[in-house]
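What follows is one structure encoded as structure tokens, with my remarks underneath.
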Amino acid sequence: MNNTRFFFVLIGALLCSQLLSGCTSTVKEDELLVENTPPSRHDLYDGNAMVSVAAANPPIDEADALDRAKNEENKGNLDQALYLYVQALDFNGENADTLYNIARIHSIKGNIQLAYLTYNEALVLDPNMLMSHAGLGLINMDKRQHSQAKIHLEKAIELDQIRLKNAGYKAMSNHYFSLDQESPVRIYNALAILEDMGNEYQNAREYYQLSLQREPHSALITTNLGYSYYLSGNYTLAEKYLKQAVKQDPSFERGWTNLGLVYVRKGLYARALTTFEHTMEPADALNDLGYFLMLEGQYKQAIKLFQRAIDNSPTYFDQAQKNLKRASMELKSQGRH
């Protein structure tokens, strides 16, 4: 009898052990299912990189997801940051700032189409989000969609100027407010470039000057200002600002090239050649100077420069050979007329 009771107790213990084991297994499987469930907005994540991001420790709420996303981004882990931003949308799918951050990271990673779509989605939620307009403007600009780019860049600057006014800044004589630490200088510079492209040189220079007040030692912006004067034919001021740019950053190649163009326009060809040689080999400098003179119809001088370029690099300088042939043909054609 005792043996029988012991047998049933043993069986009961075993059954209980199996049931508990089964319960534990079920709990673990349920937890694993929750942990490995992808974000509902997985369409906003780069699918190729999704498998590389561990989802074993999901955020507990939106604030947790956003804090962790920022930390990962600060460490340079863009895939992990992006995944966490997308996870944050599971807690609040109408957070325009989160959508902006997702778009921004896609733009950094080169996922331009996803960035474009997500910036637009952010603007649906917040039509006055300055940086989403800025992001779209830059994408449009890169795609050479200049009219659409101008709409977004102008809106971004309008919103920034309203912010500055509301912050209590005083307007300058041109009715603009001086930029502060939060102002997107890159956007002012980008819109200035578009204004130059549309021959609206005065508008362009106002944006360049605003940008330079914020970043007075920027060789890029100073070069752009100098080139604006070059485009409008004011070679004196163009030379002034381009000299300033290469002094600010002697390694800035575009500053030297644009300064060389100014000297070409001024007829200072020896100085132009020396200026080009700051950023290129002598044969390349001779070829480029010859090319600019050919465009201006000075074929005899261009031919001499192409010949010198070939003499400096006879074995591989095919472009100078082609330019020499073209200049010679243009000179003959000019002689017949």
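Quick note, the sequence shown lines up with residues 1271 to 1607 if you use the working numbering.
Glycine included, every Cβ here is placed at the ideal spot set by N, Cα and C.
Keep in mind it's a predicted model, so treat the numbers as computed, not measured.
Could you have a look at A1441 and say whether DSSP puts it in helix, strand or coil? strand
Applying the 10 Å Cβ sphere with the 16-neighbour rule, what's the burial state of I1330? exposed
Cutting at 8 Å between CB atoms, please list the residues of its own chain near Q1479, excluding the five before and the five after it. L1495
Measure the beta-carbon distance from E1332 to F1361 and round it to whole angstroms, keeping in mind my assumption that it falls under 8 Å. 4 Å
May I ask you to report which of helix, strand or coil DSSP gives F1447? strand
Three-state secondary structure (DSSP) at L1248? Because the chain spans 1271 through 1607 in this model, residue 1248 falls outside it and cannot be assessed.
Below 7 Å between beta carbons: does that hold for E1262 and A1555? Missing from the structure shown is residue 1262; the chain here goes from 1271 to 1607 and no further.
Throw me the rounded Cβ distance for the N1446 and E1476 pair, which I believe falls under 8 Å. It is Tyr, not Asn, that sits at residue 1446 in the sequence shown. Confirmed, Cβ separation roughly 7 Å.
Would DSSP call I1330 helix, strand or coil? coil
Quick check on the DSSP output: the alpha helix (DSSP H) that includes L1369 runs from which residue to which? A1366 to K1379
Is the CB-CB distance between Y1389 and I1372 below 7 Å? no
Stretch pair the region 1426 to 1443 + the region 1381 to 1401: three plus CB contacts closer than 8 Å: yes
Rounded distance between the beta-carbons of G1405 and R1374, thought under 8 Å: 7 Å
Need the endpoints of the alpha helix (DSSP H) that Y1315 sits in, please. First-last for Y1315: undefined, no H or E at that position.
So, using beta-carbon positions, are A1597 and A1572 closer together than 7 Å? yes
Coarse secondary structure for F1277, derived from DSSP in three states: Annotation note: pLDDT 36 at F1277 (below 50); position unreliable, coordinate value reported separately. F1277 falls in the helix class under three-state DSSP.
Straight-line Cα distance separating A1474 from L1464: 8 Å
Quick check on E1364: buried or exposed, where buried means 16 or more other Cβ atoms within 10 Å of its Cβ? exposed
Separation of D1412 from N1327, as counted between CA atoms: 38 Å
Within the region 1490 to 1571, note down every full alpha helix (DSSP H) run reaching 4 residues or more, in order along the chain. 1505 to 1518, 1523 to 1536, 1539 to 1546 and 1552 to 1565
I think V1532 touches A1508, with their Cβ atoms under 8 Å apart; what is that distance to the nearest whole Å? 5 Å
Can you have a look at D1588 and say buried or exposed, based on whether 16 or more other CB atoms are within 10 angstroms of its CB? exposed
Give me the residue from K1574, T1492 and L1395 with the minimum Cα distance to A1553. K1574
Excluding the five sequence neighbours on either side, which residues of its own chain have a C-beta within less than 6 Å of the C-beta of K1420, listed in chain order? L1464
In terms of residue numbering, what span does the alpha helix (DSSP H) encompassing Q1415 cover? Here Q1415 belongs to no alpha helix (DSSP H), and DSSP marks it neither H nor E.
For I1409 and D1430, what's the separation of their Cα atoms in angstroms? 19 Å
Does the beta-carbon distance from A1515 to T1545 come in below 7 Å? no
Measuring straight from C-alpha to C-alpha, what distance separates Y1458 and H1422? 12 Å
Three-state secondary structure (DSSP) of M1399: coil
Would you decide whether H1312 is buried or exposed? Buried here means 16 or more other CB atoms lie within 10 Å of its CB. exposed
Would A1358 and A1392 be called neighbours here (beta carbons separated by less than 7 Å)? no
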